[in-house]
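Trainee: Chains as they are written, first to last, in this note's numbering: chain V, 1063 to 1281; chain G, 1063 to 1281. The structure follows.
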DNA sequence: TTACTCATGTAAGTAGTTACATGATTCC
DNA sequence: GGAATCATGTAACTACTTACATGAGTAA
């Protein structure tokens, strides 16, 4: 249940509305944890019911109202509890790698397309993450500044350093994915050189048991 | 919806019962995609209803029956369609990295514990994946042998090579995670050297807005 | 007879996705 | 007046988790 804790952590930088929180999930936090507003608003209501945040109704314009949420001591305690807690890691579930295991069902060109998409995707992510590292190092992000302004002198370097370390790790991860995809492209070239299969023909076909054409009942 | 396709791919090696499929998810496939039997049995029934697999009732012992599933042509077509399709990558959702962004809420010792757990976890995974690579290279896994036996001469090297490449990628990934955790441990040492904070004291504390101790209404 | 593996399910709950829905404010 | 942004929700659905439930077969 990390959405909850991501929200609590964001609110530690200061009161925010659901809309502002959702924007954070679209920008800075987005590349570590992603959540749509349809998940955020109900979760804020739950956190409020649990006493972990309090909402203040703020006027906007003449008729409008918005709700700014802030951390309570209970919310702060839950945030600390979560950070200290050692969780059992989530079970692996990687659609791209699962699929890569079965690229032989497509043609060499199909495999190449997949690897290229993978490479391009992680190049973009690498760029995003790298940018974020730079911003953190220069203390350019609003959220980090707010956190640093509220923090003890002694804590400041650690607050920034952990964030930099995390995003640097993500940059390394992205680089590894790009390298994997590039090695994949080389592999496809090698496989094709060693075979007579046309570049746009499936390399292998699934094996269907005889007489199992599926029920003629229609589906 | 990769569970479906993982099942179809596994069934391409030959007919299997739900139980046998679940075992595959506990062993070989487990470190790429994981699914409990409570998810597998209903999905097999759905695939049957869609005509993508057919079930055969096999006797076991004197009274027992078991259902062995095999691919239909529709199932095989769906498998190929999935492999060729380019999917939009899943939104990032990494609980460990999200938490690492906020290690300052714990003590230096807490951060060290987290990094050590991370390192140890990925060392184990690296080992599992490395073993699997070796087994694939030696053609020792049952599933791979069955696939190779059914396949064209020309396709054989590709079938094995894609799998080896995938698991080698996972090994690299695990190494990167171990390295990240080790750099994290170094970082904690450096941070501690530069500070007066005791090793078991929180580095920073969440900032609670004044007067927001939570509703006294109880929760 | 006891313990283990084989075998197949259901049920309740949580988390996440996608789409629908509405209205105010601000800036051009 | 219209478009973009601010702002807050609901509803239906899918995927996954955890726990409950049951029973046959096999080997010590």
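We put the beta carbon where it would ideally sit given N, CA and C, even for glycine. Keep in mind that this is a model prediction, so the values were computed, not measured.
For residue 1100 (chain V), go through chain G and note every residue whose CB falls closer than 8 Å to its CB, in chain order.
Mentor: Within 8 Å Cβ-Cβ: nothing; residue 1100 (chain V) doesn't reach chain G, min ~14 Å.
Trainee: Which residue comes first and which comes last in the alpha helix (DSSP H) that contains residue 1157 (chain V)?
Mentor: 1157-1162 is the span of the alpha helix (DSSP H), which, as asked, contains residue 1157 (chain V).
Trainee: Taking any Cβ of chain G, which residues in the stretch 1147-1163 of chain V have a Cβ under 8 Å from it, in chain order?
Mentor: Of all residues in the stretch 1147-1163 of chain V, 1148, 1149, 1151, 1152, 1153, 1154, 1155, 1156, 1157, 1158, 1159, 1160, 1161, 1162 and 1163 have a Cβ within less than 8 Å of some Cβ in chain G.
Trainee: Output, in sequence order along the chain, the residues in the stretch 1093-1119 of chain G whose CB is closer than 7 Å to any CB in chain V.
Mentor: So the list reads 1093, 1094, 1095, 1096, 1112, 1113 and 1116, given in the order they occur along the chain.
Trainee: Residues of chain V with a CB under 7 Å from the CB of residue 1176 (chain G): which are they?
Mentor: Result: 1148.
Trainee: Give the secondary structure of residue 1169 (chain V) by DSSP, where H, G and I count as helix, E and B as strand, and everything else as coil.
Mentor: Strand, per DSSP.
Trainee: The beta strand (DSSP E) spanning residue 1126 (chain V) covers which residue range?
Mentor: Taken as a continuous stretch (DSSP letters only), the beta strand (DSSP E) holding residue 1126 (chain V) covers 1126-1133.
Trainee: Between the stretch 1190-1200 of chain V and the stretch 1191-1204 of chain G, do three or more beta carbon pairs fall short of 8 Å?
Mentor: With a cut-off of 8 Å, the stretch 1191-1204 of chain G and the stretch 1190-1200 of chain V do not count as touching, because too few Cβ pairs lie within range.
Trainee: Closer than 7 Å, Cβ to any Cβ of chain G: which residues of the stretch 1168-1200 of chain V, in chain order?
Mentor: For the stretch 1168-1200 of chain V, which is checked against every Cβ of chain G, the residues closer than 7 Å are 1168, 1172, 1175, 1176, 1179 and 1183.
Trainee: Check for me: the beta strand (DSSP E) holding residue 1104 (chain V) runs from which residue to which?
Mentor: Run containing residue 1104 (chain V): none in the beta strand (DSSP E); it sits in the alpha helix (DSSP H), 1099-1111.
Trainee: Below 8 Å CB to CB, which residues in the same chain sit around residue 1161 (chain G) once its five sequence neighbours on both sides are set aside?
Mentor: So the list reads 1176, once near-sequence residues are dropped.
Trainee: Does the distance from the C-beta atom of residue 1256 (chain V) to that of residue 1169 (chain V) stay below 9 Å?
Mentor: The answer is no: Cβ separation not under 9 Å.
Trainee: Using the beta-carbon count (16 or more within 10 Å), is residue 1121 (chain G) buried or exposed?
Mentor: The residue is exposed, with fewer than 16 neighbouring Cβ atoms inside 10 Å.
Trainee: Near residue 1182 (chain V), what residues of its chain come up, given a Cβ to Cβ distance below 8 Å and the 5 sequence neighbours on each side ignored?
Mentor: Within the same chain, residue 1182 (chain V) has no close Cβ partners at all.
Trainee: Exposed or buried, residue 1063 (chain V), counting other C-beta atoms within 10 Å across all chains shown (16 or more means buried)?
Mentor: That one is exposed.
Trainee: Please confirm if residue 1212 (chain V) has its CB atom under 9 Å from at least one CB of chain G.
Mentor: Yes, contact with chain G.
Trainee: Strictly under 9 Å for the Cβ-Cβ distance: is residue 1080 (chain G) near chain V by that measure?
Mentor: Judged by the 9 Å Cβ criterion, residue 1080 (chain G) is not in contact with chain V.
Trainee: Check whether the Cβ atoms of residue 1221 (chain V) and residue 1210 (chain V) lie closer than 9 Å to each other.
Mentor: Yes, they are a contact pair.
Trainee: What does DSSP give as the partner residue(s) for residue 1095 (chain V) in the beta ladder?
Mentor: In DSSP, residue 1095 (chain V) forms a bridge with G:1155.
Trainee: Are residue 1247 (chain G) and residue 1178 (chain G) closer than 9 Å when you measure CB to CB?
Mentor: It is a contact, given that the beta carbons lie within the stated cut-off.
Trainee: Residue 1069 (chain V) to residue 1225 (chain G), Cα distance in whole Å?
Mentor: Going by the C-alpha atoms only, they are around 39 Å apart.
Trainee: Compare the beta carbon distance of residue 1077 (chain G) and residue 1131 (chain G) with 9 Å and say whether it is the shorter of the two.
Mentor: Contact: yes.
Trainee: Look up residue 1271 (chain G) in the DSSP assignment and say whether it is helix, strand or coil.
Mentor: If DSSP states are grouped into helix, strand and coil, residue 1271 (chain G) belongs with coil.
Trainee: To the nearest angstrom, how far is the alpha carbon of residue 1234 (chain V) from that of residue 1123 (chain G)?
Mentor: Rounded to whole angstroms, residue 1234 (chain V) to residue 1123 (chain G) spans 54 Å at the Cα level.
Trainee: Are the beta-carbon atoms belonging to residue 1157 (chain V) and residue 1152 (chain G) less than 9 Å from one another?
Mentor: Yes, these two residues count as a Cβ contact at 9 Å.
Trainee: Is it buried or exposed, residue 1268 (chain V), if we count other Cβ atoms within 10 angstroms and call 16 or more buried?
Mentor: Its Cβ being crowded by 16 or more others within 10 Å, residue 1268 (chain V) is buried.
Trainee: Taking the Cβ atom as the reference point for each residue, do residue 1217 (chain V) and residue 1266 (chain G) lie within a distance shorter than 9 Å?
Mentor: Yes.
Trainee: Excluding the 5 residues flanking residue 1086 (chain G) on each side, which residues of the same chain have their C-beta closer than 6 Å to its C-beta?
Mentor: So the qualifying residues of the chain are 1072.
Trainee: Could you check the C-alpha separation between residue 1136 (chain V) and residue 1270 (chain G) for me, to the nearest Å?
Mentor: Whole-angstrom Cα-Cα distance: 9 Å.
Trainee: Any C-beta of chain G sitting closer than 9 Å to the C-beta of residue 1223 (chain V)?
Mentor: Taking Cβ atoms only, chain G reaches closer than 9 Å to residue 1223 (chain V), which makes this a yes.
Trainee: On the criterion of 16 or more Cβ atoms from any shown chain inside 10 Å, does residue 1075 (chain G) qualify as buried, or is it exposed?
Mentor: The residue in question, residue 1075 (chain G), is buried, as its Cβ has 16 or more Cβ neighbours within 10 Å.
Trainee: Nearest to residue 1067 (chain V) by CA position, among G:1167, G:1212 and G:1117, is which residue?
Mentor: It is G:1167 whose Cα lies nearest to the Cα of residue 1067 (chain V).
Trainee: Under three-state DSSP, which class holds residue 1228 (chain V)?
Mentor: Helix, per DSSP.
Trainee: Comparing the C-beta of residue 1244 (chain G) with each C-beta of chain V, is any distance below 9 Å?
Mentor: So, not an interface residue.
Trainee: Note down, in chain order, all residues in the stretch 1254-1269 of chain V with a beta-carbon under 8 Å from any beta-carbon belonging to chain G.
Mentor: So the close ones are 1256, 1257, 1258, 1259, 1264, 1265, 1266, 1267, 1268 and 1269.
Trainee: Answer yes or no: does any C-beta atom of chain G fall closer than 9 Å to that of residue 1137 (chain V)?
Mentor: For residue 1137 (chain V), the answer is yes, since a Cβ of chain G falls inside 9 Å of its Cβ.
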